[in-house]
Amino acid sequence: MSHFLDRLKFFSKSAEPFSNGHGSVVDEDRTWENAYRQRWQHDKIVRSTHGVNCTGSCSWKVYVKNGLITWETQQTDYPRTRPDLPNHEPRGCPRGASYSWYVYSAQRVKYPMVRGRLMEMWREARKSMDPVTAWDWISQDEERSKQYKSIRGLGGFVRASWDETNEIIAAANALTIKKYGPDRIVGFSPIPAMSMVSYASGTRYLSLIGGVALSFYDWYCDLPPASPQVWGEQTDVPESADWYNSTYLMVWGSNVPMTRTPDAHFYTEVRYKGTKTVAISPDYGEMVKFGDIWLAPKQGTDAALALAMGHVILKEFHSEGQSAYFRDYARQYTDFPMLVLLKEHNGTLVPDYFLRASHLDNNLDETNNPEWKTLVIDETTGTICAPAGSIGFRWGESGKWNLEQKAGGSGAPIVPMLSMINDSDAVTEVGFAYFGGKDAADMLLRKVPVKTIRLADGTTGIVTTVFDLTLANYGIDRGLGGGNVAESYDDDVPYTPAWQEKHTGVKRADVITVARQFAQNADQTRGKSMVIVGAGLNHWYHMDMTYRGIINMLMMCGCIGQSGGGWAHYVGQEKLRPQTGWTPLAFAQDWVRPMRQMNGTSFFYAHTSQWRHEKLETGDIASPSAAGGTGDLTLLDYNAKAERMGWLPSAPQLQTNPLEVAKAAKAAGQAPAAYALDQIKAGQLQFSCDDPDNPANFPRNMFVWRSNILGSSGKGHEYFLKYLLGTQNGLLSDEDDCLTPKQVKVRPAAEGKLDLLVVLDFRMSTTCLYGDVVLPTATWYEKDDLNTSDMHPFIHPLSEAVQPLWQSKSDWEIYKGLAEKFSEIGGELLGTQQDIILTPLMHDTPGELGQPFDPKDWRAGECEAIPGKTMPNMTVVERNYRDVYKKFTSVGPLLESIGNGGKGISWKTGHEVEVLRGINRTVQDEGVSQGQPRLDTAIDAAEMILSLAPETNGHVAVKAWAALSAITGREHTHLALPREHDSIRFRDVQAQPRKIISSPTWSGLESEEVSYTAGYTNVHELIPWRTLTGRQQFYQDHLWMRDFGEGLCVYKPAINTKTTQALLGTRPNGNKELALNFLTPHQKWGIHSTYSDNLRMLTLSRGGPHVWLSETDAQAAGIVDNDWIEVFNVNGTLTARAIVSQRIPAGMTMMYHAQEKIINVPGAEMTGKRGGIHNSVTRAVPKPTHMIGGYAQLAYGFNYYGTVGSNRDEFVLVRKMNKVDWLEGPLETEDGSMV
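Taking the working numbering, the leading residue of the sequence shown gets 1, the next gets one more, and so forth.
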């Protein structure tokens, strides 16, 4: 019946006898309801997860119907925990539950795409030129290359075929290698643990052609430098289940319920059994409401709070009061008993180097590495001895690298003396650097008990213990007289509770209470006090001072290595559990060694020219006792110096193409490495770092995959756009107002350094918008891969629920196809070449025993240039570029001839490779890979990882523990023998997550009796930490650490980035401008930038970028909730809506990180361009102490140690916008032409 007649008859229907006559009976068709009933039907369920660097690593059910993904829910079949511990599920979060939206959304990158102007020139050139000549014609001509570089980010993509895009990329790579060198090709992809095979696909390709893999953990500022400094470990932390074993839990700068959603239930559950919880945060974050106590320090002052707590602990439990447990723990597991020399500086004694065996007559009878063996006084005999376990025992001899309380040489039992207070030769004043402001002198003189000894050179040395120095540094009054010590907590002396109150705003009584309770609990439970920390602390410039302050508390209380206690740092999904099985796959170590790797922060700081806008003077952060000239160099000078000395890697490495250097060596009749060394000494061969804006030193090709660097982690976003990409930007800084390097050549600023930016993604991210070639990769429900996390002990998969849609491919298939095309194009152009590779003095190798005392610079004439000692190692590698594809798709022979290993231990792997021949089958085609195990598919690659890793292969685990046993002289294989015959296959993890096997490359155990916690094997198996002393270190004795006042933990306020004053009031819009500290915590509606454009998350949130302000600041600036505001400084500008909230303290503003500028972003009044992102107002500022290398634990390792990309010291100007312009007119370039 018609709708018109239905309306006429609606009120004339006969009444029905039910519902008081209000009901009606209809006979219309209701089959449309079946669509809703069938919404939840499915044909199959596939297990997968999300590779998004959230640390959740949650297992999900992906429902498929008629070949379409319909929805997802959480899996709940994790292996059970022991009876006294809650299970891991439920896991998951709203972000993960929305992921299936992406699969069929308009955001998908469906086809290969190329920037239109580039494609137009490419197709024209290919009519008459071969691929390499065509790319040369386009990219090496300034006018032609500018045509596509200048419109990066402005749209204009056209659809291409896979053949075309592979040809463009392969030609660009081949030309770059031929003309400039393979180290001008770089790749950036983060966090391999979230999708191991996908990461490895790109780095395997790069490593085979000689390209460079850029690190990420340091660039993200997820790397806590304090961890390498104190423990010699990148990051090792308790699994979240171990929170439940804690009896006193602090959550400090980590918003667990929001950013660790799948694990937060352990945080809530532990409170029900009586555990006290303390929340420390300047704002009322989600975790605060779970705390019994909330301490709210002013942002950036957390180190002062930690030092004040340490003051209480030392006073009550180590000085006036004594805890037997704390004393014994400190004696055996920390450097407290180690002897430190004191030296005179301007009439004052200051701490110098650890006393070493080489300082004493006859090297104290230590013939192996005496310069690297630290010393103690044996309480029972009063003699000085070298206890076993220092790094000198790790290399060059076997069986003495352990924490048994024995003298290393004689093996006699010893009792290391903690303090000289009852057995000193004198009490003397020692100077301690102070950076806290004008409330105290910059050098605090405090009394310390000392002894005098005769040194090998016949002079008298003055020594004390680290314990005595630490108590003096904290201002503990030990009855030794002198000033600058505190009789009472109310004394305003650094670092008392009263002193911290004026810096942090936290009441001294609260500090005393929490510190006392924390220590009492640890004393009574043998270390079950824990501190969860995160980005809220680690993203500050002086993050290592804050972290060391907290770690010091944990070491003082014997918490490290004890279940339920310790340091729990969660920033980034860094825990690549089967790391030693993954490494040969990822960096092609089965075919060629070494590979090129570069620390991301130094790379981006140099090549985005952020150094040109540096305003931080090194003298401002140096110690008053620093050596002369410390403050003369800029940060870039220090970085270049570190690269030349082999402390940091370089990319590019040499100004001359390394392939050409090898050819020149052959022509000269010399070995390439020897020839290169001679040329460097003669000044004929230069390091690229000394002239970063020389076109010969530009990075030329860049791959970005599994990352949205320009929309998420790219500190100094506008610098990227201006200098690296050469496109429109909002940079407002004037480099004339900035510092000029002294030892690095400065040229006119270069823009548009990259010839080609290739981006792989499943969605059109910010980075895709700036790419030249965009390749469609499979979503996490369309590919096979592996995933692990530090939050739980399981390994589980990403699985192909449906085949990749449209023309997308998995990362493995994309790089495999590229390798095939490159072998064709590059093989013909390049053939076989010798390549000279420079590598730094690496941690966990004998190279970490570099210069034991004052570092000498060979270029300054202070020492001889010796590769692997005073400068980088130099290695010659032969590459047959015709075989790249064959090597990419097979397991190479080096695993059988050399073996595998990690973190300083190695073992044979011939048996595992033979097993892989059966699992993956062998290559039948003739050539270099014939007879080798195949790596045709991502599952083949996963099987390689699982077979080689001790964490997933019990047989390998036993071999690895046996290798470590030979070094320590103690039997450790019992830790893996119960699972010796376990072998986890990819099909196993698809059936159910599998718990990994205990491995010596990690410091915790996978056990039914104890939850995983870091340092457990150090404490309970007496395995040394991988540090200079072999113990956890309160003291860092490297010259640069002392020159910058960080030998001991001190309070350093936030740095002054000097980015607002130059703009204040210069471009007024009539509204008040406020200067506020700018913070970028992790968000609730996305994981980094992923999900920020997801309709489900946009619907739940405000649907676009937003910035939080305090009510006080908002009122002062005339801003009300939801107003459009502009946030800017000399680095750039951004636009967003204001959220005015009581949770935010005055003086700070907060923008949740990685809100991209692709959703609801208007133009900025300051620039007239579309408002930027959170990183538009930031700039990376590296720290010299993070550049140290070749010095025990202070040695470079990929993502282990190096400069980090901090950003929370930044200040911005905030004002209400007058005009909101959506810039909806025709899109024009800078020169006025249409895009």
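Heads up, the beta-carbon is just placed ideally off N, CA and C, and yes, glycines get one too. It should be emphasised that the depicted structure is a prediction, and the values quoted were computed from it without experimental measurement.
Mind checking who residue i pairs with in its DSSP beta bridge?
i                 : result
aspartate 378     : Pro416
valine 876        : Ile836
methionine 443    : Ala433
valine 278        : Met250, Ile293
valine 427        : Pro449
phenylalanine 157 : Arg115
histidine 345     : Thr348
lysine 809        : Thr777
Using DSSP with H/G/I as helix, E/B as strand and the rest coil, what is residue i?
i               : result
glutamine 299   : coil
aspartate 1108  : Sequence inspection shows tryptophan at residue 1108; the aspartate mentioned does not correspond to that position. Here tryptophan 1108 sits in strand by DSSP.
asparagine 473  : helix
tyrosine 723    : helix
tyrosine 1201   : strand
glycine 321     : coil
asparagine 1236 : Beyond the ends of the chain as shown, which are 1 and 1235, falls residue 1236; an answer cannot be given.
glycine 902     : strand
proline 1081    : coil
arginine 117    : helix
lysine 1072     : coil
glutamate 1241  : Missing from the structure shown is residue 1241; the chain here goes from 1 to 1235 and no further.
serine 799      : strand
asparagine 245  : helix
methionine 309  : helix
leucine 756     : strand
tyrosine 1196   : strand
alanine 407     : strand
arginine 1208   : coil
Quick one, which of the options has its alpha-carbon nearest residue i's?
i              : options                           : result
alanine 171    : Phe822, Ser1003, His539, Glu896   : Phe822
tryptophan 219 : Val1212, Thr301, Ala1180, Ala1192 : Ala1180
proline 497    : Tyr638, Val773, Val312, Pro190    : Val312
tyrosine 111   : Arg921, Ser808, Asp523            : Ser808
glycine 931    : Gly902, Thr889, Ala426            : Thr889
alanine 976    : Gln990, Arg706, Trp961, Asp988    : Trp961
threonine 583  : Tyr1035, Ala942, Leu648, Arg985   : Ala942
arginine 80    : His792, Ile1055, Lys908, Leu895   : His792
threonine 546  : Val891, Thr334, Val531            : Val531
aspartate 691  : Ser150, Ala750, Ala667            : Ala750
glutamate 926  : Gly475, Asp883, Lys903            : Asp883
aspartate 590  : His318, Ile898, Gly56             : Ile898
alanine 696    : Lys146, Arg184, Glu143, Asp736    : Arg184
alanine 440    : Arg985, Val485, Phe762, Pro416    : Val485
serine 254     : Ser246, Ala264, Gly1172           : Ala264
serine 57      : Gly566, Pro993, Glu1021, Arg108   : Pro993
Assuming residue i and residue j make a contact with CB atoms under 8 Å, what is their CB distance in whole Å?
i              : j              : result
tyrosine 102   : threonine 1066 : Tyrosine 102 to threonine 1066, Cβ: 42 Å. No contact.
tryptophan 540 : serine 1206    : 6 Å
glycine 600    : serine 215     : 5 Å
glycine 1197   : isoleucine 945 : 20 Å between Cβ atoms; not a contact.
glycine 1202   : alanine 1195   : Not confirmed; about 10 Å, so no contact.
isoleucine 997 : glycine 954    : 6 Å
What runs of the alpha helix (DSSP H), each 4 residues or longer, lie entirely inside the stretch 990 to 1018? none
Start-end ranges of the beta strand (DSSP E) lying completely within the stretch 17 to 91, minimum 3 residues: 44 to 48, 60 to 65, 68 to 74
Start-end ranges of the beta strand (DSSP E) lying completely within the stretch 1109 to 1181, minimum 3 residues: 1124 to 1129, 1132 to 1141, 1148 to 1150
Where are the beta strand (DSSP E) runs, 3 residues long or more, that stay fully inside the stretch 189 to 219, in chain order? 212 to 214
At which residue ranges does the stretch 655 to 717 contain complete alpha helix (DSSP H) runs of 4 or more residues, listed in the order of the chain? 658 to 668, 672 to 681
At 3 residues or longer, what runs of the beta strand (DSSP E) sit wholly inside the stretch 546 to 593? 566 to 569
Within the stretch 163 to 189, note down every full beta strand (DSSP E) run reaching 3 residues or more, in order along the chain. 185 to 188
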